[in-house]
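A.B. asks:
Residue numbers (my numbering), protein chains in the order written: chain F, 1 to 242; chain D, 1001 to 1242.
1) Can you tell me where the beta strand (DSSP E) with residue 1168 of chain D in it begins and where it stops?
2) Got a sec, what are the start and stop residues for the beta strand (DSSP E) residue 1039 of chain D sits in?
3) So, for residue 1188 of chain D: in the same chain, excluding its five sequence neighbours on each side, which residues have a beta-carbon less than 6 Å away from its beta-carbon?
4) So the beta strand (DSSP E) residue 82 of chain F belongs to, where does it begin and stop?
5) Roughly how many whole angstroms lie between the Cα atoms of residue 1223 of chain D and residue 1110 of chain D?
6) Thinking C-alpha only, which one of D/1145, D/1133, D/1227 is nearest residue 1121 of chain D?
7) Taking CB distances under 9 Å as the criterion, tell me whether residue 1077 of chain D reaches chain F.
8) Under a Cβ-count criterion, where at least 16 other Cβ atoms within 10 Å of its own Cβ denotes burial, should residue 1089 of chain D be classed as buried or exposed?
9) Taking only beta-carbon positions, decide if residue 1019 of chain D is within less than 9 Å of chain F.
10) Under 7 Å Cβ-Cβ, which residues of chain F neighbour residue 1016 of chain D?
11) Does chain D have any CB closer than 9 Å to the CB of residue 31 of chain F?
12) So, do the stretch 215-233 of chain F and the stretch 157-168 of chain F have three or more beta carbon pairs nearer to each other than 8 Å?
13) Whose C-beta lies closer than 6 Å to the C-beta of residue 1036 of chain D among residues of the same chain, with five residues either side of it excluded?
14) Please identify, using Cβ separations under 9 Å, the residues of the stretch 50-67 of chain F that lie next to chain D, in order along the chain.
15) What are the complete beta strand (DSSP E) segments, minimum 3 residues, inside the stretch 48-129 of chain F?
16) Measuring only the C-alpha atoms, how far is residue 1133 of chain D from residue 1125 of chain D?
17) Quick one: residues in its chain with C-beta nearer than 6 Å to the C-beta of residue 75 of chain F, no 5 flanking neighbours on either side, listed in chain order?
18) For residue 8 of chain F, which of helix, strand or coil comes out of DSSP?
19) Enumerate in chain order the residues of its own chain whose CB-to-CB distance from residue 181 of chain F is below 6 Å, with the five nearest sequence positions on each side excluded.
20) Between residue 1091 of chain D and residue 19 of chain F, which are expected to be in contact by the criterion C-beta below 8 Å, what is the C-beta distance as a whole number of angstroms?
21) Quick test of your reading: residue 34 of chain F and residue 1063 of chain D, contact by CB under 8 Å. State the CB separation rounded to the nearest angstrom.
22) What's the gap between the Cα of residue 107 of chain F and the Cα of residue 1212 of chain D?
23) Considering only C-alpha positions, which residue in the set D/1005, D/1030, D/1041 is nearest to residue 1012 of chain D?
24) For residue 233 of chain F, which residues does DSSP report across the bridge?
25) DSSP three-state call for residue 1202 of chain D: helix, strand or coil?
26) Which residue marks the beginning of the beta strand (DSSP E) containing residue 1213 of chain D, and which one marks its end?
27) Chain D beta carbons: is any one of them nearer than 9 Å to that of residue 242 of chain F?
28) Return the bridge partner residues of residue 149 of chain F from the DSSP annotation.
29) Taking Cβ-Cβ distances below 8 Å as the criterion, which residues of the stretch 70-95 of chain F are in contact with chain D?
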């Protein structure tokens, strides 16, 4: 008998973002009973070393080791496709992909694909310093023919305060700071602001953000539900344009 | 090097309750950064056959087979302790425990232990028909010297409508019905009402319920965080009384 798809989530990067991704998958799968939901295995390995610290050379503790180990464990568990609800971790995407034989969805590609699909000309990137410095979004945007703005160093420092000083410590985000960074990117002509860090997705969840934001976690959830052969529901209508 | 504890969650029974359990563990662990959170592996195997249908003889599809398979997979993944955020599934607790070599926490024992620990004389059980008919709470309560009331058949039918007709389908619970059942148990002298179905825990999350409710999912989360050697925070003060 052919087995149903089993989604593997390489999570814990950080834990509350993985909680939200799992919630999003559950809320956005059309289901009338438990059994119509996705089968999932989640590795929430919180001890994975900090991604940004390693990328910026502040620590020699390479998170890739733990990521490979847990991706292989997901594969051994039976995962048929893997999703990683963390943008910064996609710095290691290519190295990780070579270590497992199941496909790994790419949150950055899925996000930019949606923006490009509805003709957005320029996006603004709200992400960790690790994601910005490693130019993950800049390169993928170029591939899709979409222009890309990133915050100034001062704005980026404010974002890092929000991500590490507020959200990862379970506190409310400083929305004054957040709106200053976002406003600056809009002033520079960005048509959509990418929530390109899954901790920032929690701001959209908890504070509510407008139509000008495109949440990378939502983009990944949309593609993940489709990849598992289930009907997605309740996503922004423009996600469906391909 | 000794490895950190790895919590295995046998979940998906139903999926949204497992989401909430994972959220609860994350929100109630005192942590200043990702790395201070619990390491967790979650099997959210939604296709596990319905527990109540099997217990009541409405279906011959035995959920125990899928539960054993997934518990073993959690053990192979490296889980050092297992939690099951579903009361009804504890009908199978003894059979499951014999199949794996890691300890499995018992949501029903942890819940009644807290009630007994603060001298509650009589509890009311809000649970699935499977849990009530299998007398899981009745037996554990007797062990702890706590009296126990269950809903009348008509009230139980209303609870099942809420669990299966509302919550498992992603709808808001019918609070009129819920309050009628709860009020009847309070009238019969229950000092605490046990949310003895993790779908009903979602009512406490989404609607807010008072001090007269003791949530089995919170009891399990409290004990789970302790079992993983982390500091629990933000639980009702009386959880600490032992």
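Backbone N, C-alpha and C define an ideal beta-carbon position, used for all residues, glycine too.
Here the structure is a predicted model, which means the values were calculated and not measured.
C.D. replies: For this structure:
1) Against the second chain, residue 1168 of chain D aligns to sequence position 168. First-last for residue 1168 of chain D: undefined, no H or E at that position.
2) Walking along the second chain from the start, residue 1039 of chain D turns up at place 39. Looking at the DSSP string, the run of the beta strand (DSSP E) that includes residue 1039 of chain D is 1039-1044.
3) Here residue 1188 of chain D refers to the residue found at position 188 when the second chain is read from its first residue. Counting only Cβ-Cβ distances below 6 Å, and skipping sequence neighbours, we find 1149.
4) Residue 82 of chain F sits at position 82 when you count from the first residue of the first chain. That run of the beta strand (DSSP E) goes 81-83.
5) Translated into the one-based positions of the second chain, residue 1223 of chain D becomes position 223. Translated into the one-based positions of the second chain, residue 1110 of chain D becomes position 110. Between the C-alpha atoms of residue 1223 of chain D and residue 1110 of chain D there is a straight-line separation of about 7 Å.
6) Locating residue 1121 of chain D in the second chain gives position 121, where the first residue counts as 1. Measuring from the Cα of residue 1121 of chain D, the nearest candidate turns out to be D/1145.
7) The residue you call residue 1077 of chain D lines up with position 77 of the second chain. Yes, because at least one Cβ of chain F sits closer than 9 Å to the Cβ of residue 1077 of chain D.
8) Along the second chain, read from residue 1 onward, the residue named residue 1089 of chain D stands at position 89. It is buried - the Cβ of residue 1089 of chain D has at least 16 other Cβ atoms within 10 Å.
9) The sequence position of residue 1019 of chain D within the second chain is 19, counting from 1. True, the Cβ-Cβ gap to chain F drops below 9 Å.
10) Counting from 1 along the second chain, the entry for residue 1016 of chain D is found at position 16. 26, listed in chain order.
11) If you number the first chain from 1, residue 31 of chain F lands on position 31. Chain D contact via Cβ: present.
12) No contact exists between the stretch 215-233 of chain F and the stretch 157-168 of chain F.
13) Working through the second chain from its first residue, we reach residue 1036 of chain D at position 36. So the list is empty, once near-sequence residues are dropped.
14) 50
15) 81-83, 122-126
16) To locate residue 1133 of chain D, count along the second chain from 1; it is residue 133. To locate residue 1125 of chain D, count along the second chain from 1; it is residue 125. Cα to Cα, residue 1133 of chain D sits roughly 11 Å from residue 1125 of chain D.
17) Position 75 of the first chain, counted from the first residue, corresponds to residue 75 of chain F. Around residue 75 of chain F: 100, 102.
18) Position 8 of the first chain, counting from 1, holds the residue named residue 8 of chain F. It is a strand residue.
19) As a first step, residue 181 of chain F must be located in the first chain, where it is residue number 181. Within the same chain, residue 181 of chain F has close Cβ partners 151, 155, 158, 159.
20) Numbered from its first residue, the second chain carries residue 1091 of chain D at position 91. Numbered from its first residue, the first chain carries residue 19 of chain F at position 19. 28 Å between Cβ atoms; not a contact.
21) Start at 1 with the first residue of the first chain, and residue 34 of chain F comes out as number 34. Start at 1 with the first residue of the second chain, and residue 1063 of chain D comes out as number 63. The Cβ separation is near 10 Å, so there is no contact.
22) Here residue 107 of chain F refers to the residue found at position 107 of the first chain. Here residue 1212 of chain D refers to the residue found at position 212 of the second chain. Going from the Cα of residue 107 of chain F to the Cα of residue 1212 of chain D covers about 44 Å.
23) For the purposes of this step, residue 1012 of chain D is taken as the residue at position 12 of the second chain. Per the Cα distances, D/1041.
24) Within the first chain, the letter at position 233 stands for residue 233 of chain F. Bridge partners of residue 233 of chain F: none, in fact.
25) Translated into the one-based positions of the second chain, residue 1202 of chain D becomes position 202. In the three-state DSSP reduction, residue 1202 of chain D falls in the helix class (H, G or I).
26) On the second chain, residue 1213 of chain D is found 213 positions in, with the first residue counted as 1. That run of the beta strand (DSSP E) goes 1213-1215.
27) Locating residue 242 of chain F in the first chain gives position 242, where the first residue counts as 1. Unreliable positioning characterises residue 242 of chain F in this predicted model, as indicated by a pLDDT of 45, which lies under 50. A coordinate reading is not provided.
28) By 1-based counting over the first chain, the position of residue 149 of chain F is 149. Answer by DSSP bridge pairing, in chain order: F/124.
29) 73, 76, 77, 78
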